[in-house]
Structure formats: structure tokens, C-alpha cells
Amino acid sequence: MTLLNGLLPPYIESIAITVGIYIIMALGLNLITGVTGQLSLGHAAYMSIGAYASAVVSLQLGMPFIFALLAGGIAAGFFGLIIGYPTLRLTGDYLAIATLGFGEIVKSLLFNMPIVGGAMGLAGIPFKSTLTVTLIVVIIVIWMMVRVERSRFGRALLAIREDDIAAECYGINTSLYKVKMFVLGTFIAGIGGALWAHKIMVLQPRDFGFMKSIEILNMVVLGGLGSIPGTVLGAIVLTSIPEVLRFSSDYRMLLYGALLVIMMRFRPNGLLGGVDVTKLVKKSIKSITGSNFADKEKKKVKGGN
Amino acid sequence: MLSIQDIHVKYGAIRAVMGISFEVKAGEIVALIGANGAGKTTSLRSISGLVKPEQGKIFYNDIELTSMPAHKIVEMGISQVPEGRRVFPLMSVLENLEMGAFTRKDKNKIKDDMKKIFQRFPRLEERKNQLAGTLSGGEQQMLAIGRALMSNPKLLLMDEPSMGLAPMLVQEIFKIIREINSEGTTILLVEQNARMALSIANRAYVLETGQVAISGEAKEMAENKEVQKAYLGL
Ligand SMILES: Nc1ncnc2c1ncn2[C@@H]1O[C@H](COP(=O)(O)OP(=O)(O)O)[C@@H](O)[C@H]1O
Ligand SMILES: [Mg+2]
């Protein structure tokens, strides 16, 4: 279980854990914004709910980490359900504003709740999110995402994103699917929050503001909305860049912003948006082994798009 | 089979349909014709459950559809070829057809129906792995019809299937509509091409600003002076 821990220098290991947590966060949001096309500007709120819930389970109940992790997911998913059900009837701008409002409400509630330490926050959370644990959770979440994407359920989601009116014409209960996805996405955010709490060991409400939600949204958009490999890549790139840019502390956010603008200029659909990674890998394997006749047809199809 | 009783539909403050009533009997082709904005699409959307009338009732074989959710209505055997085709552009032809059968659980029967659709539209079979967004307009219309047929409907609602197609293709689409009908599917056809619609329909209703203006047997309508002047350009 502790195989990987301590293998890397502590600073790098810490960044690797952070990257893992953001991959989880971004994959959760990708389900909501990328796959079903619901713009959510309050994803960090669900992260904070998961973080605080898991911290309370660890601190007050002293239960093993796995329970804290699940409690974080379930608490966030529960709020996802009660928020998602009424708000997903809203569309576009209205939904974005509602999710944004919810994020701010959660933040002010946490500020004013003595049980979670108010503005002081919660301290003394045990360190449990080792690199190994984080990596295992990342792999499970990616596996879940791939399963969802390939299922009948995933097909329905794709149809909703492409044309929700047509999807409804063919018997897809679009609001039910949107709510289900919202709950799953927020559950995953809660898991990410739980890992986060047990990594930094101190929680403060202001860590989970609007900017955090936007950062996570950036990862999904940068990677390519709806693409699992893209989202993973987006999370890796956007979590590491601020670290790499640390040398220029004053200009860090400026460079980060400039990078986003350049990215959107040259790859408006995201790094891997519209790229079928499975096909790409198969193709490169084939070109290495020297047989590629089956791919000509496919190329024609993609090219016409 | 289908009975629309005095429905009123609003989009916000805009009154799109103001008390429309009509009937479709099993086995018929019924045409709804009328100018742009008359409320034809809105009437179809009300039947499919995509919009809810604020007043009036819709019955399908004596079952009330008025407050039923859209996915339940598809399960009851009503499907729609939407205005402007609305194929899923990034899905293949095959995947689009599969989406049409989304509510069905009879896997073997679905395969048979897919075969039938490919017999009817050989061009779709040739292009079954092609992305739907790369098809020509006529092919997309065929795909939209095929996709609607995949739900195995008893009543097919078609919204301007000839829109934007070359005359040759319009002929072909109307031939297909007649075939589908002769194989037992009842059809409610919305068209701006009144001449073609009246030539294949049993009965027709003319809509004007959210109300039924004229109705009757399609043959008689084609000879009606008012209809000729307003919709047939005679
Ligand atoms: N989504 C919508 N929002 C607001 N008004 C609409 C909408 N759809 C249609 N309308 C209005 O409702 C009326 C009827 O439209 P429609 O049913 O599309 O007519 P048709 O299909 O006969 O052209 C028109 O005045 C149109 O502008
Ligand atoms: Mg219309």
C-alpha cells in the first residue's frame, strides 16, 4: 500500500498529490459541464462540503479514512441532489448564476458554523492522502468515468449535449439524466475534497471560493470539454504551471492568464477536444508495426467534419 | 387515434397557439399546412410533450397525454421527425439510429427494424459509420426519418420533411412517407409545401395565426378557391 510513498522528493510528492486531487475534481466537473453541458460555477463548494464532512468524521468520530472519504462524497452528492434538482431546470446563464450563488452561500455558512471552526477553520486533521492513496482513488475515478462514457447512459448523455431537444424527442428523460450526472459529479467533488482535507490538514472556508471553481473549470475547458484524457491533461498542466512559474512570484498569475488566452486562441476546443485518443493510440501502434490499411476510411470521416 | 382539443400554448408572453382542435384517425395521413409562424411546429411539440399547453387536452387512444413527460409519450408509440432534422452531428449514422430505439428493450426486434430501415434507405447503410454531421441535407432527412422509425411508432409526427431539399429529393421523401403509411404507420405531416402535402394526405387542416382556418378532405381542399389562392399560388 505504501509502495510509492517517499519515492519522490517531498516537494514533488506533495505536488503530485495535489495534481491527483485536481484530476479528480476536474473529472467530476467534466461530467456536469463537459459531458452534459451544464455550466457550473460552484464546483469548489462541493469540494468544501466533502472536505469538511470528511474532516468531521475523522476528528469527531475517529473513524478510518475510507469512511471519511465516502462521507465526503456522500455529503457533497446529497447537496448536489437538493441543489441540482431545482436548478437543472434552469438553463445557460441562469444555471451559472444559481451555481455561483450556491458556492457563495456554502462559503458564508462555513464561516458562521462553530462546529467547523467558523472563519478560523478546522485544524489537526490527520494526514491520510498519501501519494499511493491518491493514485488509487484517481484510478478508480477514471475507471468509473470510462465506464459511464461507454454505457447506454453515456450515449444518452452525449445525445443531450449534442442536441437536447432531439434527445428528448427520442425518449431520453433529459432532466433526470442531468440530475444524475450532477449528483455523480458532486459526489466525486466531495471525494476530492476529502482527499484535500487529509492532505493539507487545515481547512478554511476562504480556500473554497469562486476562484477555485474557476480554476477547476479552466482545467476542463483547457483539456477539451467532455474528453476524459483531455480533462486529466488539463488538470496536470494547470496544477503544475503555477508551480513551475513560482520563480516569478509577482507575474505568476499574469503568465497563467496569458497562457490560457494563447491556448484558447490556438486550440479553442481544448488540448484534446475532438481528438479520439483510443483511435490515435491504435493508429500509432499500427504505423509502428507497419499495417494501416483499415484507417484510411476513418480518416476520411474525421476529415469531412 | 389522436385528438387535440382546444389547446392554447404560450412561449412567455407570445401566444403561439390559440385554441387549436383536430383529429387523426388510425391509418390516415393528415396534413397541417400554413404560413411560417402559424403554430404548426408548436402543435407538434405539444403532442410530443416538448411544450405543455396551458389550456386544452390531448388524447391518444383515450389516454390523456397533456401532462405526460416526453419520454413516456415516445414509449406510447408516438415519435417525431423534428423540424430541421436535428441529427446528432458527432455520432455515426448507426449510433443515430440506435438513439431512436433508446426506449426499447426488445434487442432482437431492434436489429430487424434496423435492417428494414437500411433496406428502405440503402444510402444510409453505405454510410453507416460516417458521422451524421457530414451527410448531405437529403441524407440527413432520411436519417432523421429512420431514427424516428427506430422507436417503432404507431403515429409518426413529421415537421417539414421537405424543407431545404432539391425538388428530386422532395419527390423521393414524399414517396417514402406514403410507403411508411401504407405499411401501417399513421402520419401527421406538417408542411409548407401545401401542394405536395395535399397530394398525399387524406385530410388537412390549414392553420393561421394559431388557429384552424380551414379543414377538410385533402382533395376538396386542393380545389378550394381560398386555399388555392393563399397556399397553392394559383
Ligand atoms: N421557442 C420560442 N420562443 C418564443 N416564441 C416562439 C418559439 N417558438 C415559436 N415561437 C413563436 O410562436 C409562433 C408559432 O411558431 P411555430 O409553431 O414555430 O410556427 P410554424 O411551425 O407554423 O412556423 C410564432 O409566432 C413564433 O415566433
Ligand atoms: Mg415550424
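Residue numbers (the working numbering), protein chains in the order written: chain X, 13 to 317; chain Y, 64 to 297. Don't be surprised by glycine CBs; every beta carbon is placed ideally from N, CA and C.
Residue contact check for Gly183(X) against chain Y: a CB pair falls below 8 Å. Under the Cβ distance rule, Glu174(X) counts among the residues neighbouring chain Y, one pair being separated by less than 8 Å.
Distances from the CA of Met81(Y) to each of Ala257(Y), Pro116(Y) and Ser278(Y) were compared; the closest alpha carbon is that of Pro116(Y). Within 7 Å of the CB of Ser214(Y), the CB atoms of chain X belong to Tyr182 and Gly183, in sequence order along the chain. By the criterion of a C-beta distance shorter than 6 Å, Leu267(X) is surrounded in its chain by Leu257, once the five residues flanking it on both sides are discounted.
For the options Arg210(Y), Phe237(Y) and Asn244(Y), the alpha carbon positioned closest to that of Tyr182(X) is the one of Arg210(Y). Residue-level contact by beta carbon fails for Val80(Y) and chain X, as no gap is shorter than 8 Å. Counting C-beta pairs closer than 8 Å gives three or more between the segment 242-262 of chain Y and the segment 203-223 of chain Y, which meets the contact rule. In the displayed model, Phe77(X) falls within a helix according to three-state DSSP. The contact set of Ala168(X) on chain Y, defined by CB atoms closer than 9 Å, consists of Met162 and Phe165 in chain order.
For the pair of segments examined, the segment 81-99 of chain X was found to touch the segment 198-215 of chain X: the number of CB pairs separated by less than 8 Å reaches three. By the C-beta density criterion, Val273(X) is exposed, having fewer than 16 other C-beta atoms within 10 angstroms.
The C-alpha of Glu174(X) lies about 23 Å from the C-alpha of Leu245(X). For Gly82(Y), the uninterrupted beta strand (DSSP E) segment begins and ends at Ile77 to Val87. Counting of Cβ neighbours within 10 angstroms places Ile184(X) among the buried residues, the total reaching 16 or more.
Contact note: Met131(Y) does not reach chain X at a C-beta cutoff of 7 Å; the least C-beta distance is about 12 Å. Going down the chain, each residue whose beta-carbon is closer than 6 Å to a heavy atom of ligand 1 shows up: Tyr74(Y), Ile77(Y), Ala79(Y), Gly97(Y), Asn99(Y), Gly100(Y), Ala101(Y), Gly102(Y), Lys103(Y), Thr104(Y) and Thr105(Y).
The beta carbon of Ala264(Y) is closer than 7 Å to those of Ile92, Val93, Ala94, Leu252 and Ala281 in its chain, skipping five residues each way along the sequence.
For Gly119(Y), the enclosing beta strand (DSSP E) starts and ends at Gln118 to Tyr123.
Within chain Y, the residues whose beta carbon sits less than 8 Å from that of Ile177(X) are Leu113, Pro145 and Arg149, listed in sequence order. Ranked by how close their Cα comes to the Cα of Gly166(X), the residues Ile117(X), Asn17(X), Gly238(X) and Ser120(X) have Gly238(X) in first place. With respect to chain Y, the C-beta atom of Ala171(X) has a partner C-beta closer than 8 Å. Here Leu134(X) has Ala67, Val128 and Leu215 as same chain residues with Cβ atoms under 6 Å from its own Cβ, once five neighbours each way along the sequence are excluded.
Among the residues facing chain X, Glu138(Y) is included, as its CB has a counterpart in that chain under 8 Å away.
Between ligand 2 and the CB of Glu283(Y), the shortest heavy atom gap is not smaller than 7 Å.
Shortest gap from the CB of Glu254(Y) to any heavy atom of ligand 2: 7 Å or more. Rounded to the nearest angstrom, the Cβ distance from Met259(Y) to Val233(Y) is 7 Å, consistent with a contact under 8 Å.
When secondary structure is reduced to three states using DSSP, Lys73(Y) falls in the strand class. A distance below 8 Å between beta-carbons, with the five flanking residues on each side excluded, links Ala178(X) to the following residues of its chain, in chain order: Ala171. Short note on Glu280(Y): C-beta not closer than 7 Å to any heavy atom of ligand 2. A direct Cα-to-Cα measurement between Gly46(X) and Ala38(X) gives close to 10 Å.
Collapsing the DSSP output to three states places Thr197(Y) in a helix. Among the CB atoms of chain X, none fall inside 8 Å of the CB of Leu65(Y).
The beta carbon of Glu138(Y) is closer than 7 Å to those of Thr166 in its chain, skipping five residues each way along the sequence. DSSP places Met157(X) outside any beta strand (DSSP E); the residue lies instead in the alpha helix (DSSP H), whose first and last residues are Leu143 to Arg162.
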